[in-house]
Amino acid sequence: MGHEQRPKDSDEQIAGLERVLQILREEEDVEVLMETTLGYLQAEFDWRLIWIGLYDRQAHRLFGKGGMTPNGDLSFLKQRFSLSPGDLLEQVVIELQPVEVPDLRSSSRAGEWRKAAQTFNIQGATLFPLRYKDRCYGVVLLGTDQRVARPNSGEKTQLAIVFGALATALYQIEKDWQREQVKRPDESLLALISQFRELRSLDRYLQAAVEQAHEFIEPTRTNVYWFEGERRYFWRRVSNRQVAPGLGGLGRAASGITVQDLGDFYQALAGEEIVWIGESHSSLKTELTGRLMQQIRARSLLAAPIVLEGELLGFLAVEASEARIWQDNEKHYLRGVAQLVALTAPLSQMEERIEQTELDRDLTAGIARAIYSDADWEATLKNTAEQLCSRLKCEYFLLLLYGEEQNCFEIVCQNLPRNRRVVPSPLLALDAADVLALQEAGGEPLAIENWEKDSRLGAWREVLAEAGVRSLLASSTRAKKSEGANPHRKSEVKNRKSIEGLLVVGHSATRTWKRAERELVRVVSQQLGLILHSWQQSSEIDKYRQFERSIAEGLAVLQHSGEEQFGQQKSVTSPVVLPELRLQKLDRNFAQHLSQTLSCPLSAVITWNPGEESGAIAAAVAANPVFALNTEAVIPVGTDPLIQQTLSTAGVLQQNTSQLQLATKRWLRSPGIGEILAVALRTAPDHAPAGIVLVADAPGRQWSELSLNLLCSMADQLAWWHRYLAVQSAADAQRLDLEMLNWYKQRRFEDFYRIFGAGVKELGELSQSILQSAKEQKDALKTLRYQQVLRQIGNALGSAHLLLKQEQWRLQFGQDAVLVSAWLRRSLDRTASAVKQSEVLLEVNTETAVSLRAGQTLSVRADSIKLDLILCELLIVACRRSSAGQKIEIRSQLLGGDLLELSVIDSGQKCDRDLISAFNGGSGTDVLAVSANRSIVQNLLICQRAIQLMGGNFSVEMLENNLIVARLVLPLASS
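So this is what it looks like as structure tokens:
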């Protein structure tokens, strides 16, 4: 058969194979290897077609190295065969396995070999890969004129050995060639450094770098693109060619590439990443790279950023017109060259940088001198704003001071273009993420190049965008503290107050902020922070002074409110009603003063009496209706969550309306309320609380520590005034009760002494007359009189016993039906001696008898004994102020159908008008003052209160004719 091995003995076959393998192992020339292999195949086998092709991995194709054809035409075997998906040649290259073809002439996957097979009349064919490990170095095609002809197992083994040795030899040759072709980046970089030492300008540095990189990597062209930060575009500064395709000459606008056109390419460069773009491989996955490649008219690109101290200066780019796979050594080399350029860039600009540094130093030094001198700070800020904007070529300057309670930023100073709208103050508070970013920056300004594509500082986006700001730098005015200064100090990241102020400089166009610009803003912001800090300290001092004044004013308000009622107090006022009147005025004034002091739209006082289960809103001051409370609401003290939480909190309870439970919202439901402070009215831990004080404001209100301290102090004052008034009310009530009890007991013991003394005297006289008399009848009368006197003494002793037993600390008022005629008779009997001694005339005039029905008696409802003593007191006082011969008149008349008025009228020539004024003035006079009429007034006030407690009324007045009238009005007893 045409494809079978020629007949030879085994020794000859082994000897021939050994000679071929030896040549393949030792030979280093590819052509010799090809000829040796081809000669062995022709000598050992009878194939009509032999072809050997070597594989080009980069171009993915096979190029023929020769072979044998039936007609001797070798031109076809020297061609290059491109590999297409699905054809036989690519299958062998990819799968690295032999492929047998029954009829190469009719195979649709044979490609160009199908036509050649028809020309050479080749039917059966076998394709062998030249394989070393997992790499393909070529393909061997063996064909015959027979159909479905394939080598046997022995032939396959023999061919596999030869082809494996050939592939191994090709691998070694490629390896040696690659070793020879490997470039030495260290040598190239050292040569570049040597050139840099002889150069002085940046452009010459860049030109040397471009030439060296172009020589090492061998691309189509090499360029340096320089970054213009203010206008945000890259311009081609240096090239290895005079004009790059697709770009204009140097200095033309067409030679620039805007940041907007670069997309992720720019972000990668700014992040100090190297970028490579090829036909099918790229470090970026974006559609914008296609736009870039169209602009530079290249199919492959390798770019390394030129970065100095975090600032992007530009990038070094090598560009290829064909698809190219960039090797790792090329990437590392280009990065090294770019870093060398970055290091030399400052040297070329040293004089300019020194001059700019001196200007920056003068600027910051001027600010420092102004701060530590007595200069006008407002003028200093204005001058600083103008100089800084001129230096940075920016248009906006804002100095912001953070207000803790308002949770916003007040604009202390702003410098804007004349045609721009003034930024309204204050600015809203920043989000927590922005605050954290500013704090974690370590003093470095927060830079925004294009606000349209940056979500930071979103709270200011709308208001600053209206002013025209598109890019900005924001720097904290508080310098970062050293971490080792105080290791026990807690982190301030979560403390919003750690941002005392911010310096914001901005521009109306997108721009990149250089490192030197950022550093200058940082230094200036920290210097201006000293001014803000001084203002803050001055403000704190003013606040503490205001705190002291507020405390003093609060004390004055409470004292005035507590004492304002003293001058209006009447003796007839109940001790229970009076404290309520005082507390209403006290709580209302306190709420008003608290609302003004803390600048909050709602302040309220909720109180309750000890032991009560419900409380009420004693006072509420609302700045507008959205903060108003329902003062009629009944608050369950024991079950209300807010009140119970307030009582269990040692200081001030702070809550948001979202934290309030439904039970509290039933009475605290004003729509304007967002933030709440509450503190208990408690004077001591063991004292029962008297209520709570509550202040509220709109959502977002932040309360300073000074406000909390002020609220606590004022609440303590109110609590002590509540306790003081309660104690005073109890003491006054007890004093009045004891004074009335003392007066009553004094009068009763005087009456007891009178009755008992008169009885003892009469008993002594009776005992003497009984012993001297002998008549039985007289003895019987005397004995009867004796027994009568003893009975009177016994009644007096019994009455005194009840007094001592039942009325030890408080009088007990009975509700007896007291006959008016008997009442008058008893009172006249008791005062007979005083009337006789003062030599006045006593006249009783009753006008009620004619109006009574037959058999009806005139009686009043009162306590009989106390009523007798009161009338006696009035008669005795009238006798004392009357001269001898004057008249005292007692009149009685009915008022309506249920009241009796009894009047004691005297001329009062010895009366002191101040006495009546003091009586009608109540107890507002100083209880410690010494007065001659004090006891008289005090007795009359006691009588007045006693009549009140019996359901009547008592008054004293002087008529125009100088008559003094003491009126008793008592309810009539039912018949």
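35 is the number of the first residue of the sequence shown in this note's numbering; add one for each residue after it. Glycine included, every Cβ here is placed at the ideal spot set by N, Cα and C.
Taking its Cβ as the centre, do 16 or more other Cβ atoms sit within 10 Å of residue i, making it buried, or is it exposed?
i      : result
Leu281 : Caution applies to Leu281, whose pLDDT of 39 falls short of 50 and renders its modelled position unreliable; the model cannot decide the point.
Asp107 : exposed
Gly283 : Bear in mind that the predicted position of Gly283 carries a pLDDT of just 40, short of 50, making it unreliable; the figure below should be weighed with that in mind. Flag for Gly283 reads exposed.
Trp211 : exposed
Ile48  : exposed
Asn973 : buried
Tyr239 : buried
Asp63  : exposed
Val971 : buried
Asn529 : Legend: pLDDT at Asn529 = 40, less than 50; position of this residue unreliable, no value from coordinates given.
Ile640 : buried
Gly758 : The sequence given here has Tyr at residue 758, not Gly. Exposed is the call here.
Lys112 : exposed
Gln599 : With a pLDDT of 46 at Gln599, under the threshold of 50, the modelled position of this residue cannot be trusted; read the value that follows with caution. With 16 or more other Cβ atoms within 10 Å, it is buried.
Whose CA, out of the options, lies closest to the CA of residue i?
i       : options                           : result
Val135  : Leu117, Asn105, Gly177 and Glu444 : Gly177
Gln871  : Ile910, Glu500 and Asn987         : Ile910
Glu252  : Glu356, Pro163, Leu676 and Thr191 : Glu356
Arg819  : Gln689, Gly986 and Glu796         : Glu796
Thr691  : Glu439, Leu681 and Ile710         : Ile710
Glu23   : Ser187, Lys99, Gln192 and Leu138  : Shown here, the chain extends from 35 to 1009; a query on residue 23 therefore has no answer.
Gln693  : Pro670, Gly145 and Ile707         : Ile707
Asp771  : Arg270, Arg490 and Ile976         : Ile976
Ala93   : Arg114, Met102 and Trp81          : Arg114
Arg363  : Gly100, Leu470 and Pro219         : Per the sequence shown, the amino acid found at residue 363 is Asn instead of Arg. If we check each option's Cα against that of Asn363, Pro219 comes out closest.
Leu72   : Arg255, Val54, Glu61 and Arg59    : Val54
Ala225  : Gln180, Ala151, Asn186 and Tyr367 : Tyr367
Leu507  : Ala792, Glu647 and Trp485         : Trp485
Ala1007 : Cys906, Asn987, Asn954 and Gln849 : Gln849
Leu130  : Ala201, Ser116, Met102 and Asp137 : Ala201
Ser861  : Ala851, Leu876 and Leu336         : Leu876
Pro163  : Ser741, Arg184 and Leu123         : Leu123
Leu58   : Phe197, Val126, Ala379 and Asp137 : Phe197
Ser424  : Ile359, Asn449 and Asn623         : Asn449
Trp777  : Ala980, Ala684 and Ala376         : Ala980
Trp624  : His756, Ala203, Glu496 and Asn274 : The sequence as given places Phe at residue 624; Trp does not occur at that position. Cα-wise, what sits closest to Phe624 is His756.
What span of residues does the beta strand (DSSP E) with residue i cover, start to end?
i      : result
Trp260 : Arg255 to Glu262
Gln688 : Leu687 to Asn690
Met102 : Arg95 to Met102
Glu353 : Glu345 to Ala354
Cys442 : Cys442 to Asn449
Trp411 : Counting along the chain, Trp411 falls outside any beta strand (DSSP E), though it belongs to the alpha helix (DSSP H) covering Trp411 to Leu426.
Val938 : Leu933 to Asp940
What is the residue span of the alpha helix (DSSP H) that residue i lies within?
i      : result
Pro675 : Pro675 to Ser682
Met68  : Val64 to Glu78
Pro219 : Pro219 to Phe230
Ala151 : Glu146 to Phe154
Phe953 : Arg947 to Asn954
Val272 : It is not in any alpha helix (DSSP H) - Val272 instead sits in the beta strand (DSSP E) that spans Tyr267 to Ser273.
Gly50  : Ser44 to Glu60
Cys170 : Not the alpha helix (DSSP H): Cys170 falls in the beta strand (DSSP E), residues Arg169 to Gly177.
Asn987 : Looking at the DSSP string, Asn987 is not in any alpha helix (DSSP H); the run it does join, the beta strand (DSSP E), is Asn987 to Met992.
Gln294 : Val293 to Leu296
Between residue i and chain B, is any beta-carbon pair separated by less than 7 Å?
i      : result
Leu117 : Looking at the structure shown, chain B is missing, and only one protein chain is on hand.
Is it true that the segment 991 to 1002 meets the segment 934 to 953, where meeting means three or more beta-carbon pairs spaced less than 8 Å apart? yes
Spell out a yes or no on whether the segment 920 to 927 and the segment 858 to 875 are touching, meaning 3 or more CB-CB pairs, one atom from each, closer than 8 Å. yes
Is the segment 160 to 178 touching the segment 71 to 82, taking contact as three or more C-beta pairs under 8 Å? yes
Taking the runs of the beta strand (DSSP E) that are 3 residues or longer, which of them lie wholly in the segment 695 to 737? 709 to 715 and 725 to 731
Contact between the segment 482 to 498 and the segment 556 to 566 is defined here as three or more beta-carbon pairs at a separation below 8 Å; is this criterion met? no
Counting Cβ pairs closer than 8 Å, one from the segment 333 to 350 and one from the segment 185 to 203, do we hit at least three? no
Below 8 Å, can you find three or more Cβ-Cβ pairs linking the segment 745 to 752 to the segment 625 to 632? yes
Any chance the segment 753 to 766 sits against the segment 668 to 675, with 3 or more Cβ pairs inside 8 Å? no
If you pair each beta-carbon of the segment 997 to 1004 with each one of the segment 862 to 869, do three or more pairs fall below 8 Å? no
Using 8 Å as the cut-off, can you tell me whether the segment 243 to 251 makes contact with the segment 261 to 268, which would need three or more C-beta pairs spanning the two stretches below that distance? no
With a floor of 3 residues, list each beta strand (DSSP E) that falls wholly inside the segment 454 to 486, ordered by position along the chain. 480 to 482
Is the segment 725 to 736 touching the segment 420 to 435, taking contact as three or more C-beta pairs under 8 Å? no
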